[in-house]
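>
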Amino acid sequence: MPASTPEAEKPTPEGPGAAAAKSPRALARARKRRSVARFWREYRRHPGGLWGLAGLILIGLIALFAPALVGTDSQSVTAAPGGALEAPSGEFPLGTDQFGRSVLALLVWGARVSLTVGLLAAFLCVAIGTVVGILAGHFRGWYSTVLMRVTDWFLVMPTLVLAIALATVMDRSLWTVIIAIGVTTWPTTARLVRAQTLAVESRPYIERARALGGGHGHIMSRHVLPNVMPLVLAQTTLVISSAILTEATLAFLGLGDPTITSWGGMLQDAREAGAVSAGDWWYLAPPGIAIALVALAFTLCGRAIESVLNPKLGVAR
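1 is the number of the first residue of the sequence shown in UniProt numbering; add one for each residue after it.
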């Protein structure tokens, strides 16, 4: 009679029983990995989204390694290596500004500020809009009415005018620009999230959760928020491009921090230096093109994400 196999040498059971033996955390991780793989598989079918993602990765790497690429003293006025408003040459591929600094080096440093403002302002905008939208969609009656009337007031007011008013009364700093953009651009996100919240809360499993004793916090955090997050993610990529354009506008109007280098600030400095009337295109064109390219890259990524999360949009387009 053959010897019995020790417990340690017994083969691991496979099939449905093995899945049941896994812990809930392991199953959740496996589902997330499959979801990410499926999302990436669908995203790769959008050439515009791939081009936008490649551009954002390139610009992000340039901003991250700016000190190594152009040096930490390239923004210094006293240590400027060239003459005022020199045309592009081998030493200065994009020419110099009115202080003799390399426009290419300033462009690289400006990527840091513009991306930082765009990301943080978009995060603030989407966070406010998501909270307001979920609350307005979950709670009905006067509470929802008040929230939506406030949202409508912000929605009909010109965003740029509100941002200029906030940036004018507050200190001129990077955080002022971020706050001014974030607190004036959230109404669109709030309305989208509210509509999605109403759709989610009409589903049967929400009624079951309430019947089993689920409170408001449980339903909003465990059921509503995960279902609106795909919409929030797509909206974030679109808001970032708008935030970068708004930051450039505020800096061009002289409402940004004058001690930091941003693409909008470069356009403002070029205007003050008379680059427009003098025809010094190398001082005006690079920051404007950089702003347009980054905004385009984020928009392409946002449209691709929208099409992946909602295939009907891709069919409509």
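Just so you know, even glycine gets a beta-carbon here, dropped at the ideal spot from N, CA and C.
1) When the Cα atoms are used, what is the spatial distance from G129 to A195?
2) Assign G274 to one of two classes, buried (16 or more other C-beta atoms within 10 Å of its C-beta) or exposed (fewer than that).
3) Counting along the chain, where does the alpha helix (DSSP H) carrying I181 start and finish?
4) Are the stretch 93-101 and the stretch 133-143 in contact at 8 Å, needing three or more beta carbon pairs?
5) For the alpha helix (DSSP H) that contains V193, what are its first and last residues?
6) According to DSSP, is T261 helix, strand or coil?
7) Check whether the stretch 64-79 and the stretch 100-107 are in contact - that is, three or more C-beta pairs closer than 8 Å.
8) Starting from Q98, trace the alpha helix (DSSP H) both ways and give me its first and last residue.
9) What do you get for H216, buried or exposed, if any count of 16 or more other CB atoms within 10 angstroms of its CB means buried?
10) Please report the straight-line C-alpha distance between A180 and I59, rounded to a whole angstrom.
11) Pick from A297, P230, L267, V294: whose alpha carbon is nearest that of residue 323?
12) Let me make sure I understand the geometry here. Which of T197, I240, V308 has the alpha-carbon closest to that of L115?
13) Can you tell me where the alpha helix (DSSP H) holding P287 begins and where it ends?
14) In chain order, what residues of the same chain lie with their CB nearer than 7 Å to the CB of P88, ignoring the 5 residues before and after it?
15) Quick one: is D269 buried, meaning 16 or more other Cβ sit within 10 Å of its Cβ, or exposed?
16) What's the call for V308, buried or exposed, on a 16-neighbour Cβ count within 10 Å?
17) Specify the secondary structure class of P47 as computed by DSSP and reduced to three states.
18) Counting Cβ pairs, one atom from each stretch, are 3 or more of them under 8 Å apart for the stretch 208-215 and the stretch 230-250?
19) For a quick check, are the C-beta atoms of L100 and A84 less than 7 Å apart?
20) Whose C-beta lies closer than 6 Å to the C-beta of L56 among residues of the same chain, with five residues either side of it excluded?
21) Taking only runs of the alpha helix (DSSP H) that begin and end inside the stretch 200-237, which ones reach a length of at least 4 residues, in chain order?
22) Report, in whole angstroms, the separation of the C-beta atoms of A165 and L250, which I expect to be a contact under 8 Å.
23) State the Cα-Cα distance for the pair R317 and R303, rounded to the nearest angstrom.
24) Beta-carbon within less than 7 Å of P24's beta-carbon, same chain only, minus the 5 sequence neighbours each way: which residues are those?
25) Nearest-angstrom Cα distance between W153 and T189?
26) Could you check what DSSP says for V77 in three-state terms: helix, strand or coil?
27) Would you kindly work out how many angstroms separate the C-alpha atoms of V150 and I260, rounded to a whole number?
28) Between which two residues does the alpha helix (DSSP H) containing M148 stretch?
29) Have a look at residue 381 and V294 and give me their C-alpha separation to the nearest angstrom.
30) Nearest by alpha-carbon distance to P287: which of A248, L300, N310 is it?
31) Relative to the ligand FAD, is the shortest distance from any of its heavy atoms to the C-beta of D73 smaller than 6 Å?
32) When DSSP labels each residue in this structure, what does P88 get in the three-state scheme?
The short version:
1) The residue labelled residue 129 in the question sits at position 129 within the sequence shown. The residue labelled residue 195 in the question sits at position 195 within the sequence shown. Distance between the alpha carbons of G129 and A195 is about 12 Å.
2) Counted from its first residue, the sequence shown places residue 274 at position 274. Exposed: under 16 other Cβ atoms inside 10 Å.
3) Residue mapping note: residue 181 aligns to position 181 of the sequence shown, counting from 1. From DSSP, the alpha helix (DSSP H) with I181 extends over 174-182.
4) no
5) Walking along the sequence shown from the start, residue 193 turns up at place 193. 187-201 is the span of the alpha helix (DSSP H), which, as asked, contains V193.
6) Counting from 1 along the sequence shown, the entry for residue 261 is found at position 261. It is coil, neither helix nor strand.
7) yes
8) For the purposes of this step, residue 98 is identified with residue 98 of the sequence shown, where counting begins at 1. Looking at the DSSP string, Q98 is not in any alpha helix (DSSP H), and its letter there is neither H nor E.
9) Sequence index remark: in the sequence shown, residue 216 carries index 216 (1-based). When all chains shown are included, H216 counts as exposed.
10) Numbered from its first residue, the sequence shown carries residue 180 at position 180. Numbered from its first residue, the sequence shown carries residue 59 at position 59. Looking at the two C-alpha atoms, the distance is approximately 25 Å.
11) No information on residue 323 is available, as it lies outside the stretch 1 to 317 that the chain covers here.
12) Within the sequence shown, residue 115 is the residue found at index 115, counting from 1. The candidate whose alpha carbon is nearest that of L115 is I240.
13) For the purposes of this step, residue 287 is taken as residue 287 along the sequence shown, with counting starting at 1. Segment 281-309, the alpha helix (DSSP H) holding P287.
14) In the sequence shown, counting from the first residue as 1, residue 88 sits at position 88. Only L94, G95, W282 meet the Cβ criterion.
15) In the sequence shown, residue 269 corresponds to position 269, counting from 1. So D269 ends up on the buried side.
16) If you number the sequence shown from 1, residue 308 lands on position 308. V308 should be labelled buried.
17) Working through the sequence shown from its first residue, we reach residue 47 at position 47. If DSSP states are grouped into helix, strand and coil, P47 belongs with the helices.
18) no
19) Against the sequence shown, residue 100 aligns to sequence position 100. Against the sequence shown, residue 84 aligns to sequence position 84. Looking at the sequence shown, residue 100 is not Leu but Gly. Contact: yes.
20) For the purposes of this step, residue 56 is identified with residue 56 of the sequence shown, where counting begins at 1. A297.
21) 204-211, 216-219
22) Stepping through the sequence shown from its first residue, residue 165 is reached at position 165. Stepping through the sequence shown from its first residue, residue 250 is reached at position 250. Actually they are not in contact, since the Cβ atoms of A165 and L250 sit about 11 Å apart, beyond 8 Å.
23) For the purposes of this step, residue 317 is identified with residue 317 of the sequence shown, where counting begins at 1. For the purposes of this step, residue 303 is identified with residue 303 of the sequence shown, where counting begins at 1. Because the pLDDT of R317 is 45, which lies under 50, any placement of that residue in the model is unreliable, and the number read from its coordinates should be weighed accordingly. For R317 and R303, the distance between alpha carbons rounds to 10 Å.
24) Indexing the sequence shown from 1 puts residue 24 at position 24. None.
25) Residue numbering aside, residue 153 sits at position 153 when the sequence shown is read from its first letter. Residue numbering aside, residue 189 sits at position 189 when the sequence shown is read from its first letter. Going by the C-alpha atoms only, they are around 14 Å apart.
26) Position 77 of the sequence shown, counting from 1, holds the residue named residue 77. If DSSP states are grouped into helix, strand and coil, V77 belongs with coil.
27) The residue labelled residue 150 in the question sits at position 150 within the sequence shown. The residue labelled residue 260 in the question sits at position 260 within the sequence shown. Each residue's Cα considered, the two are about 34 Å apart.
28) One-based indexing of the sequence shown puts residue 148 at position 148. It spans 142-156 - the alpha helix (DSSP H) in which M148 sits, taken as one unbroken run.
29) Nothing about residue 381 can be reported from this structure: the residues present for the chain run from 1 to 317 only.
30) Looking up residue 287 in the sequence shown gives position 287. It is A248.
31) The ligand FAD is not part of this structure, which contains no ligands at all.
32) Locating residue 88 in the sequence shown gives position 88, counting from the first residue. DSSP places P88 in coil when its eight states are reduced to three.
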